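Numbering of the sequence shown is given in the working numbering, commencing with residue 1231 and proceeding in unit increments. Below is one structure, written out as structure tokens; comments come after it.
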Amino acid sequence: QIPINRPHAPVNDMLRDGMHQTAIHEGLGAYLDNDLGGEPVLAGESDGGYVNIPRPVDGEVVRASPVSFDDHFSQSTLFYKSLTPLEQAHIAASLTFELGKCFEQTIRERELEVLANVDSELCKTVASGLGLPAPKGKPASVTPSPALSQIDPEPGPIAGRKLGIVIDSGADLAGVAKIRKALKAKGAVVHTIAPTGGTVKNSGGEELVERTFATARSIEFDAILVANGVTSGGDIKSVLMLQEAFRHCKTVGGWGDAATALNEMGVVDAESSPAIAKVVNPAYIAEIVKALGLHRVWSRAETVMASAVAPVSQPSRA
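Take a look at the structure:
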């Protein structure tokens, strides 16, 4: 019933007052049949409803499941094999994370047996992260489909994307205004982030502070830039915000002396950020647009997901 799950065809039934019930029902009766009005009726052919058409049937009719019902793994194998190496690494990290929070080792072992029938390397990677031996399985032989991958090598539209720009009294506000104007024309939104609220004004212009270090978090933005001239970048809250965005593979960059500040905070390097430049010009804005269109800096994924400490092997419990 919530909008994201709701079917295009309205559903009319008499189910009321249950868990997660959000519909506003018409009529007084909560049962069928009733003579209080409002009871649902079957949709006919003219309403686009299902109509049973008689058809001849040859052979034996039995109540049984087809053989394909016993195939529990080939679709999972097809999905995993069709992903890029970065997406596969992300899935392995996610499984390791979730199973790492499961304290019943028997459940971990059973899940590894499931993964062994999906993909052997995936099972080994997760098992290594859990400190458990990887069981053997029988993954299906499939032909990968690139259509299942979510990483598009070509940038898409940026309408609706959000860019955060860190500023303060020394920031290049003229550069901020150029970026805001260019991205607005493409449907993207720019929010300024500063140590405190209010208005920032200098010879380069004037900007209303829309977020502060106390209220802004990385999850709100698709990318974050630091303007040239910012001197407050060392604030612990801003460092946390930028480091989180970096670990989430979002574009983190800036122009002018921002590159030095970012490197000092350990949140960016030249190879992993496409949004580092000396000045704001059309070429730099084009790089920002491209980075937002690609959604993430995927080449950074394996680095930020890697563990600096090798997992310690543990003997399996009998």
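Where is the CB? At the ideal position from N, CA and C, for every residue including glycine. As the structure is a prediction and not an experimental result, all values here were calculated from the model.
Give the DSSP bridge partners of residue i, in chain order.
i	result
Gly1484	Val1456, Ile1506
Ile1395	Thr1422, Leu1455
Glu1436	Lys1431
Could you check what DSSP says for residue i in three-state terms: helix, strand or coil?
i	result
Thr1442	strand
Ala1412	helix
Glu1328	helix
Asn1511	coil
Gln1231	coil
Lys1311	helix
Arg1338	helix
Met1471	helix
Glu1291	According to the sequence as given, residue 1291 is Val; it is not Glu. Note: Val1291 maps to coil in three-state DSSP.
Leu1403	helix
Gln1251	coil
Asp1301	coil
Arg1477	helix
Asp1277	helix
Trp1528	helix
Val1344	helix
Thr1355	helix
Ile1208	Nothing about residue 1208 can be read from this structure; the chain reaches only from 1231 to 1548.
Arg1236	coil
Asn1282	coil
Thr1490	helix
Val1542	Residue placement at Val1542 is poorly supported in this model, since its pLDDT is 43, which falls under 50; the coordinates still yield a value, given next. Three-state DSSP puts Val1542 in coil, outside helix and strand.
My understanding is that residue i touches residue j, with C-beta atoms under 8 Å, so please give their C-beta distance in whole angstroms.
i	j	result
Lys1366	Ala1389	Not quite, the Cβ-Cβ distance comes to about 48 Å (not below 8 Å), so this is no contact.
Lys1520	Pro1385	5 Å
Ile1321	Trp1528	That belief does not hold up - the Cβ atoms of Ile1321 and Trp1528 are roughly 14 Å apart, past 8 Å.
Ile1397	Glu1436	11 Å between Cβ atoms; not a contact.
Lys1408	Val1510	5 Å
Ala1319	Glu1532	5 Å
Leu1360	Arg1338	6 Å
Leu1522	Arg1391	5 Å
Trp1485	Ala1516	The pair is not a contact, with the Cβ atoms about 13 Å apart (cut-off 8 Å).
Gly1427	Thr1442	5 Å
Thr1627	Ala1505	Nothing in the structure corresponds to residue 1627, since the chain is present only between 1231 and 1548.
Hey, out of the options, whose CA is closest to residue i's CA?
i	options	result
Leu1417	Leu1393, Asp1398, Val1439, Pro1233	Per the sequence shown, residue 1417 should be read as Gly rather than Leu. Closest option to Gly1417, Cα to Cα, is Leu1393.
Arg1447	Asn1235, Asn1432, Leu1470, Ser1295	Leu1470
Phe1514	Ala1357, Val1430, Gly1483	One point to set straight first is that residue 1514 is Tyr, not Phe, in the sequence displayed. Comparing Cα positions, the closest option is Gly1483.
Lys1431	Ile1232, Pro1369, Val1406, His1525	Val1406
Glu1343	Glu1317, Gly1278, Phe1303	Phe1303
Val1228	Pro1240, His1478, Ala1294	Limits of the chain in this structure are 1231 at one end and 1548 at the other, which puts residue 1228 out of reach.
Can we say the stretch 1301 to 1311 touches the stretch 1365 to 1380, given the rule of at least three CB pairs closer than 8 Å?
yes
For the structure I just gave you, are there three or more beta carbon pairs, one from the stretch 1457 to 1470 and one from the stretch 1382 to 1402, closer than 8 Å?
yes
Counting beta carbon pairs with one atom in the stretch 1349 to 1358 and one in the stretch 1277 to 1295, are three or more of them shorter than 8 Å?
no
Is it the case that the stretch 1411 to 1424 contacts the stretch 1440 to 1454, given that we only count it when at least three CB pairs across the two stretches are under 8 Å?
yes
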